[in-house]
Amino acid sequence: MATVTQRRTIRADGPDKVTGTGRYAADLTLTGMLHAKLRYAGVPHGRITRLDTTRARALPGVFAVLTQADVPDVRYGPYVKDRLLFARDIVRYEGEIVAAVAALTPEIAQEAAEAIELEIEPLPAVNDVEAALADDAPLVHDDWADYEVEEGVERSRNVAAFSAIERGDVEAGMASADEIVRTRYVADASHAVPIEPRAIVAQWEGEKLTVWSSTQVPFDTRSGVAETLELPESRVRIIVPHLGGGFGGKCGFHQEAHIAALARAARRPVRLVFSRREEFIVPDRRREEMVIELETGIRRDGTIVARRGRVIVDNGAYTADAAFFPQLAAMHVAGPYRIPHLRIDAQLVYTHRQPSGSVRAPTAPQACWALEQHIDEVARRIGMDGLELRRRNVLEQGDDGPSGQTFDEIGMRECLDRAADMAGYDQELPDDEAIGVAVGWWPSFPGASGAYVKLNADGSGVIVTGAQECGTGAVMALRQLAADELGMQPEDFTLVYQDTDAGPYDTGATGSQTTLNNGRAVVLAAGQVAEQLRELTAEELEADAADIELVEGHARVVGSPSRQVAIADLAGIAQGGELLLGRGSGAPPGAPALRGSTCIGDLGMAAFTAPQFSSHAVRIRLDRDTGVVRVLAVAAAHDSGTILNPVGAEGQVEGGVLMGIGQALTEGTRYDEDGRQRNAMLLEYKLQTIMDAPPIRIAWVESPAPDGGPRGAKGLAEAPNVTTAAAIGNAIAKLIGRHVTQLPMTAERVWEASR
Amino acid sequence: MTTFTSARTLDEALRAVGDGARPVAGGSDLVVGARQGKAPLPPALVGLERLEELAAIEPDGDGLRIGALARHADLEAHPLIAARFSALADGSALVGSPSTRNVGTLGGNVMNASPAMDTGAPLVVLEAEVELRAAGASRRLAVEELWTGPGRTAAEPGELCVAVHVPAPPAGSGSAYVRLEYRRAMEIAVVGAAARVELAGDGTIAACRIALAAVAPTIIRAPGAEQAIVGSLPAPQALAAVAAAASEASRPLSDLRGSEAYRRHTIGVVARRAVEIAARRAGGESVPIPANRARGIGVPFGGAA
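Taken in sequence, the protein lines are chains A and B.
Each residue of the first sequence is one higher than the last, beginning at 10 in our numbering.
Each residue of the second sequence is one higher than the last, beginning at 14 in our numbering.
1) Excluding five sequence neighbours on each side, which residues of the same chain lie with their C-beta closer than 6 Å to the C-beta of alanine 220 of chain B?
2) Does lysine 695 of chain A get closer than 7 Å to chain B when you measure Cβ to Cβ?
3) Could you list the residues in the segment 238-270 of chain B with a C-beta less than 7 Å from some C-beta on chain A, going in chain order?
4) What are the boundary residues of the beta strand (DSSP E) that includes aspartate 621 of chain A?
5) Can a CB atom of chain B be found closer than 7 Å to the CB of alanine 305 of chain A?
6) Rounded to whole angstroms, what is the Cα-Cα separation between methionine 340 of chain A and serine 412 of chain A?
7) Between the segment 50-63 of chain A and the segment 224-244 of chain A, are three or more C-beta pairs nearer than 8 Å?
8) Would histidine 251 of chain A and tyrosine 33 of chain A qualify as a contact pair, given that the criterion is a beta-carbon distance under 7 Å?
9) Can you pull the chain A residues whose beta carbon is under 8 Å from the beta carbon of isoleucine 201 of chain B, in chain order?
10) Which residues mark the beginning and the end of the alpha helix (DSSP H) in which proline 236 of chain B is found?
11) So is the beta-carbon of arginine 592 of chain A under 6 Å away from any non-hydrogen atom of the ligand SAM?
12) Does the Cβ of alanine 67 of chain A have 16 or more other Cβ atoms within 10 Å, making it buried, or fewer, making it exposed?
13) For alanine 198 of chain B, return the contacting residues in chain A, with the cut-off set at a CB-CB distance below 7 Å.
14) From leucine 692 of chain A to glutamate 405 of chain A, what distance separates their C-alpha atoms?
15) Would you say aspartate 634 of chain A faces chain B, with C-beta separation under 7 Å as the test?
16) For a contact defined as C-beta to C-beta under 8 Å, what are the partners of valine 765 of chain A on chain B?
17) Taking 7 Å as the threshold (C-beta atoms), are leucine 82 of chain B and alanine 95 of chain B in contact?
18) Counting only the same chain and skipping the five closest in sequence on each side, list residues whose C-beta sits under 7 Å from that of arginine 687 of chain A.
19) Can you pull the chain A residues whose beta carbon is under 8 Å from the beta carbon of serine 272 of chain B, in chain order?
20) Determine the extent of the beta strand (DSSP E) in which histidine 91 of chain B is found, giving its start and end residues.
21) With the cut-off set at 7 Å, would you say leucine 39 of chain A and proline 278 of chain A are in Cβ contact?
22) Hey, does isoleucine 302 of chain B have any beta-carbon neighbour from chain A nearer than 7 Å?
23) Using a C-beta cutoff of 7 Å, does asparagine 688 of chain A count as contacting chain B?
24) Spell out whether any CB of chain B is found under 7 Å from the CB atom of proline 675 of chain A.
25) Just verifying my parser: in three-state terms, what is the DSSP assignment at glutamine 489 of chain A?
26) Can you pull the chain A neighbours of tyrosine 275 of chain B, defined as C-beta to C-beta under 9 Å?
27) Using the DSSP secondary-structure output, state which residues sit across from arginine 189 of chain B in a beta bridge.
28) Where does aspartate 152 of chain A sit, in a helix, a strand or coil, going by DSSP?
29) What does arginine 679 of chain A touch in chain B if you count any residue whose Cβ is under 9 Å from its own?
30) So the candidates are B/Gly216, B/Ala291, B/Ile218 and B/Glu158; which of them puts its Cα closest to the Cα of alanine 207 of chain B?
31) Tell me the rounded alpha-carbon separation between alanine 708 of chain A and leucine 542 of chain A.
32) Return the residues of the segment 279-294 of chain B that lie within a Cβ-Cβ distance of less than 7 Å from chain A, sorted by chain order.
33) Leaving aside the five residues before and after proline 715 of chain A along the sequence, list all residues of the same chain whose C-beta is less than 8 Å from its C-beta, in chain order.
34) Looking at the structure shown, is alanine 184 of chain A part of a helix, part of a strand, or coil, going by DSSP?
35) When the distance is taken between beta carbons, is serine 469 of chain A closer than 7 Å to aspartate 508 of chain A?
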């Protein structure tokens with residue numbers, strides 16, 4: 010039946026975005042609207058000794074100035090409730106919000122924000138994840154033990170979350186090895202950098218609040234506003250206009266409650282639009298700094314027998330969704346390999362820096378970069394090529410993974426082979442060029458999701474979904490799924506989405522989950538409409554409903570195509586009686602079983618539902634005189650199950666690869682001695698440009714997942730961002746004879762390493 | 014509050030500048046700087062965008078008179094500049110992005126006086142002069158004497174840069190500008206170097222001018238590096254001496270783009286490359302504009318470099 014699914018389809022929101030007619034949150038203007046500015050701590054750690062808003066309030070044109078004294082005393086956070094809307098007494102990072110202003114113009118609001126009298130007595134800052142672990146390190150949260158915590162989060166002092174995975178007997182495993190290779194890698198923090206800095210507009214109509222926000226997770230945002238302002242969720246509506254990218258940076262609940270509180274106090278709608286600098290410094294979504302120590306026991310025949318690992322992840326000042334990062338990082342330094350004996354310990358550590366949070370495949374690019382360079386080092390130790398070592402050790406069907414999950418049909422090995430083939434791995438290259446290869450994996454995330462499908466009297470359809478489009482095209486592809494169920498075309502459907510009052514609950518554009526979960530919901534909802542159409546047709550044509558098929562806009566009797574009725578005619582008939590209306594949700598797939606392993610601090614990240622696999626092979630050229638690396642070409646092989654829309658899928662890989670090149674070579678956040686960001690601007694935080702984009706060849710290894718989404722589809726949005734940096738690292742090492750141990754591998758670091 | 018006047022004639026513009034208004038053409042430094050909070054907009058601006066006579070690129074004897082409003086895109090695409098004043102085309106082609114090059118002007122770039130500017134080192138090796146005009150007065154000043162520090166020039170209050178004069182290059186000469194960059198668009202020079210090389214009949218270098226960008230408070234000449242190559246063939250040993258002397262001449266800072274040590278090393282690399290490419294061009298070889306892209310990315314798998 011897959012007639013339009015799996016076909017190359019242009020996304021519905023494309024023309025709006027390309028022609029500039031699309032509207033984003035910052036484009037909204039409401040009658041009487043005010044402008045918000047926030048006042049930030051400006052120092053990484055300190056005690057507020059004076060906070061006086063009198064002067065700011067007195068400025069002409071200022072309608073409201075708020076601090077924590079003006080909002081409910083509610084601590085929030087998805088795993089650890091460790092923060093307030095506004096800092097009270099102690100500030101813990103430079104971008105922490107201390108006060109908010111609403112005024113007639115952005116300029117007046119800025120003047121008022123600066124007129125707030127704020128004095129902060131500086132306190133020593135914890136800027137180093139390893140120093141934060143010392144017994145005598147200052148505590149980032151003195152009252153950490155009193156915070157409310159989700160079940161499963163293991164914590165102690167500056168350790169916000171701890172996780173360990175143990176399998177077999179790592180001591181015995183190491184003892185049976187011929188060689189043991191040890192490595193230490195450090196990854197700097199980086200940023201999501203969506204092109205649209207976030208924007209929020211809040212408006213009250215009586216007791217009802219509407220917030221337009223550039224969020225990836227409208228329902229989470231609704232919960233956050235309701236929780237922190239102590240409102241029932243039914244009085245809060247979150248609408249997302251077109252979202253100008255997110256990459257995880259707009260997951261979580263951010264400044265919506267601050268702006269809603271301002272709008273209530275000012276009795277006017279209020280808009281906040283972030284500057285690029287604010288987008289870098291304020292959100293609790295930074296790609297985490299990591300320290301990774303790995304030890305692998307290897308036999309001379311190329312069998313990996315044991316792995317020990319220690320990972321320290323920088324949490325920053327507050328715990329956003331990073332609580333699950335230790336377990337996820339542990340899985341990624343184990344990797345998609347057969348390892349009989351392993352022990353990985355991972356800690357999430359508070360520092361006085363911007364909070365870390367999910368940026369596209371959190372922890373994976375850094376962990377994969379460290380692991381895959383380590384694998385090449387292991388291979389070199391026993392005189393084997395890294396590709397060959399991987400071929401002997403990557404997971405194949407029937408294997409047990411590092412956390413004891415038994416894998417079904419998977420395409421890991423085929424991904425590796427195809428990436429190497431496409432890259433011409435064995436070819437002779439000029440002496441300043443090399444090809445590096447790496448493998449990676451990433452789970453799909455099951456979750457609740459729902460959709461309605463309805464047909465209009467003219468036979469056109471509407472999909473009402475709770476899903477959020479963040480640019481991946483996943484919501485856009487829902488039209489294909491509905492069309493297939495109903496024998497219609499994708500263009501026959503419009504989408505109502507990104508509105509919490511319209512669509513059913515959804516976890517949002519996070520965890521590559523939309524196709525997996527909402528795809529299933531849409532298929533179910535459209536299936537109900539299809540059933541209604543069959544019954545209606547059966548009455549019209551005096552046939553058995555079971556014999557009716559929906560094809561090319563018509564319902565017809567199987568085997569006698571002349572007996573048919575147009576779906577548009579059926580929809581017209583339905584308008585006079587029972588409406589064509591379907592709903593779908595359905596239970597998400599359960600987590601795979603884990604056997605023979607122990608997981609401490611288990612937050613569900615050790616069992617990979619509908620697991621995705623990938624291998625990238627990257628050809629680079631090194632300018633040996635300067636350390637500048639150019640990526641000449643990338644071969645990317647992906648097992649993300651069945652591909653539903655090749656156009657969208659290719660876009661995900663191309664974007665993931667480019668983001669991966671940036672993370673590999675140029676994107677890293679720099680701090681001064683106090684812990685302030687030094688390059689919170691696009692001139693000095695160097696994204697890759699389209700001019701830097703190499704040719705990217707893609708191979709789809711379609712191993713359908715029984716626990717996946719429609720037709721065995723898995724997620725895809727994050728996986729392409731996992732392996733690129735690792736492959737580049739291995740290529741660099743081939744040219745300079747040693748591995749660059751800090752990410753990003755900037756030209757200067759490559760030059761230093763090669764001297 | 015900022016007032017903005019759009020000048021209809023050069024005289025109007027000069028009067029406004031004389032009254033203290035800041036001239037604005039493409040605005041690619043002024044507006045971006047203001048939005049980034051680097052420098053607030055001045056109280057009075059005078060727009061030059063309608064003064065088409067300042068946009069002309071015209072022969073001046075065997076040299077060129079380039080109007081201050083000539084845009085980087087114009088310079089990059091100008092066949093005469095590519096052929097005879099190649100270093101300037103190299104530098105112009107590297108500025109920002111196509112949209113930056115379509116608004117940014119040579120006059121703006123020169124008067125902004127950034128030590129990292131991409132047209133500065135080329136203009137120094139090409140012996141360019143700026144034409145500064147005030148109400149009732151005009152003078153010409155060598156670009157080397159124009160820049161007095163980062164963002165500072167020797168222009169007097171009331172003076173407007175109306176043109177850049179580039180004399181005819183010596184026969185048998187070629188020039189090039191090479192910069193160190195971490196990405197291929199929207200980049201600013203980590204370090205940059207321009208060279209103009211004049212070949213003698215036997216292929217040795219008869220004369221050489223080398224200028225360095227982003228390694229001192231202004232664009233600087235590197236006389237030691239120039240002397241290191243004169244009389245020699247552009248061969249490895251002499252080029253290594255150029256690199257060493259350029260590094261020696263540099264006084265770089267450590268910042269986000271590079272440490273002092275890295276800049277000191279890489280300025281030698283780009284100076285050596287600029288001399289080498291300038292010599293090839295002087296010998297009649299065609300090296301594409303910009304020289305930085307001579308060895309590009311995008312080699313398909315299995316293809317030759």
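We put the CB at the ideal spot given by N, CA and C, even for glycine.
The answer reads as follows:
1) Answer for alanine 220 of chain B: Glu211, listed in chain order.
2) yes
3) Leu269
4) The sequence shown places glutamine at residue 621 of chain A, not aspartate. That run of the beta strand (DSSP E) goes 618-632.
5) Here the sequence assigns threonine to residue 305 of chain A, which means alanine is not the residue at that position. For threonine 305 of chain A, the answer is no, since every Cβ of chain B falls outside 7 Å of its Cβ.
6) 8 Å
7) no
8) yes
9) Leu692
10) Proline 236 of chain B -> alpha helix (DSSP H) spans 236-242.
11) In the structure on display, the ligand SAM does not appear, and there are no ligands present to speak of.
12) exposed
13) Going along chain A in sequence order, the residues near alanine 198 of chain B (Cβ under 7 Å) are Thr698 and Met700.
14) 44 Å
15) yes
16) With chain A covering only 10 through 764, there is no way to say anything about residue 765 of chain A.
17) no
18) When the five nearest sequence neighbours on each side are left out, the beta carbons in the same chain lying within less than 7 Å of the beta carbon of arginine 687 of chain A are those of Arg679, Tyr680 and Asp681, in order along the chain.
19) Glu757
20) No beta strand (DSSP E) contains histidine 91 of chain B, which DSSP labels as neither H nor E.
21) yes
22) no
23) yes
24) As written in the sequence, residue 675 of chain A is threonine, which differs from the proline given in the question. Threonine 675 of chain A counts as touching chain B.
25) helix
26) Thr635, Gly636, Ala756, Glu757, Trp760 and Glu761
27) It should be noted that the sequence gives alanine, not arginine, for residue 189 of chain B. BP columns for alanine 189 of chain B point to B/Ala208.
28) coil
29) Leu269
30) B/Ala291
31) Taking the straight line from one Cα to the other gives about 39 Å.
32) Listed by position, the residues of the segment 279-294 of chain B near chain A (Cβ gap below 7 Å) are Thr279 and Val282.
33) Asp417 and Gly721
34) helix
35) no
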